[in-house]
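Numbering (the working numbering), first residue to last: 129 to 413.
Every residue gets a Cβ at the ideal spot worked out from N, C-alpha and C, and that includes glycine.
All remarks here apply to the structure that follows.
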């Protein structure tokens, strides 16, 4: 069975649209999301456009800020600080990757924890580790868990293997799975006997950025496979899974595109609405 991330994301966006419409009627306000993009990176522009379109669908105020790729780190932080103090903006996203002269970690930390809707700040990542739902869960891991939840599978005792150890996907999704009671193993492409470990997994989450890395012989029959990879090869997009050969032996699998990708944007907007609601609660509205 194909796990349709596009369909799930559309349902989430429609529910957000209804909620935002109600908020507007009650308060006269709507959530606001600011997206900062540096330079003319084609892939980044595509991602940003997708986010802006999703905002338009739901009624979220979107603000796209395009800056010169040669901007200094200090100037970029000053731009972020302006948004931190802007009452109309509830979420701030700096589109990655950043130019090499800018420290990515420093920029992420410059964003107010109240507006860190990407969930990249240390405070929010720490809350994931602690199982504290008060923070903002990183968008891609949150989307992955949402898709797994749709399977109505009890994760207690399930053997889950996460391939990839990034701060953006691998580590936070592993923590979320542990919080749900799964027996979770984190591997990478150099793990010894990786194929043997994967063969025992009930669920595989793979995010290493290597096209068609996960092959049929690495997956046991009936497993669930969540493919987070987006790889461009000869003008075509492939996931980290050899989809055509793997899909016939698994119980559930996400396609690329149309799987985890749309969920990431949906969760970004969900976090933005959460930030808006928390701010309104503080203000007594």
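(message) What residue range does the alpha helix (DSSP H) around residue 162 cover?
(response) Segment 160-166 is the beta strand (DSSP E) holding residue 162; no alpha helix (DSSP H) there.
(message) One question on the structure: do residue 396 and residue 315 come within less than 7 angstroms of each other, judged by their Cβ atoms?
(response) At least 7 angstroms separates the beta-carbon of residue 396 from that of residue 315.
(message) Per the DSSP calculation, residue 312 is bridged to which residue(s)?
(response) Paired residues: 288.
(request) Compare the C-alpha of residue 142 against each of 394, 195, 322, 132 and name the closest. (result) Nearest C-alpha to residue 142 among 394, 195, 322, 132: 394.
(request) Verify whether the separation of the beta carbon atoms of residue 353 and residue 297 is less than 7 angstroms. (result) Their beta carbons are not under 7 angstroms apart, which means residue 353 does not touch residue 297 by this criterion.
(request) Give the straight-line distance between the Cα atoms of residue 170 and residue 280, rounded to the nearest whole angstrom. (result) Straight through space, the alpha carbons of residue 280 and residue 170 are spaced by roughly 38 angstroms.
(request) Report yes or no: do the stretch 377-386 and the stretch 225-235 share at least 3 C-beta pairs separated by less than 8 angstroms? (result) The answer is no - the stretch 225-235 does not touch the stretch 377-386, with fewer than three Cβ pairs under 8 angstroms.
(request) Please name the residue, chosen from 197, 202, 207, 370, that lies closest to residue 226 on a Cα-to-Cα basis. (result) Per the C-alpha coordinates, the member of 197, 202, 207, 370 positioned closest to residue 226 is 197.
(request) Could you tell me if residue 321 is buried or exposed, where buried requires 16 or more neighbouring beta carbons within 10 angstroms of its beta carbon? (result) The residue is exposed, with fewer than 16 neighbouring Cβ atoms inside 10 Å.
(message) Please report the straight-line C-alpha distance between residue 334 and residue 346, rounded to a whole angstrom.
(response) Across the structure, residue 334 and residue 346 are spaced so that their CA atoms are roughly 12 angstroms apart.
(request) Count the CB pairs spanning the stretch 157-167 and the stretch 213-220 that are closer than 8 angstroms, and state whether there are at least three. (result) The stretch 157-167, when compared against the stretch 213-220, does touch it at the 8 angstroms Cβ threshold.
(request) Inspect the beta-carbon positions of residue 332 and residue 349 and report whether they are closer than 7 angstroms. (result) No.
(message) Taking 7 angstroms as the threshold (C-beta atoms), are residue 275 and residue 131 in contact?
(response) Against a cut-off of 7 angstroms, the Cβ pair of residue 275 and residue 131 comes out as a contact.
(message) For residue 326, tell me which candidate among 363, 359, 286 has the shortest Cα-Cα distance.
(response) The residue with the shortest Cα to Cα distance from residue 326 is 286.
(request) Please go through the same chain and pick out, in chain order, the residues whose beta-carbon is closer than 6 angstroms to the beta-carbon of residue 311, but skip the five residues on each side of it. (result) Cβ within range, chain order: 287.
(request) Have a look at residue 336 and residue 254 and give me their C-alpha separation to the nearest angstrom. (result) Answer to the nearest angstrom: the Cα atoms are 23 angstroms apart.
(message) Below 8 angstroms on the Cβ atoms is my contact criterion, and I expect residue 223 with residue 172 to pass it. Report the Cβ-Cβ distance as a whole number of Å.
(response) Here residue 223 really is in contact with residue 172; their C-beta atoms are around 5 angstroms apart, less than 8 angstroms.
(request) Could you say which of 370, 369, 339 lies nearest to residue 363 if we only look at CA atoms? (result) Out of 370, 369, 339, 339 has the C-alpha closest to the C-alpha of residue 363.
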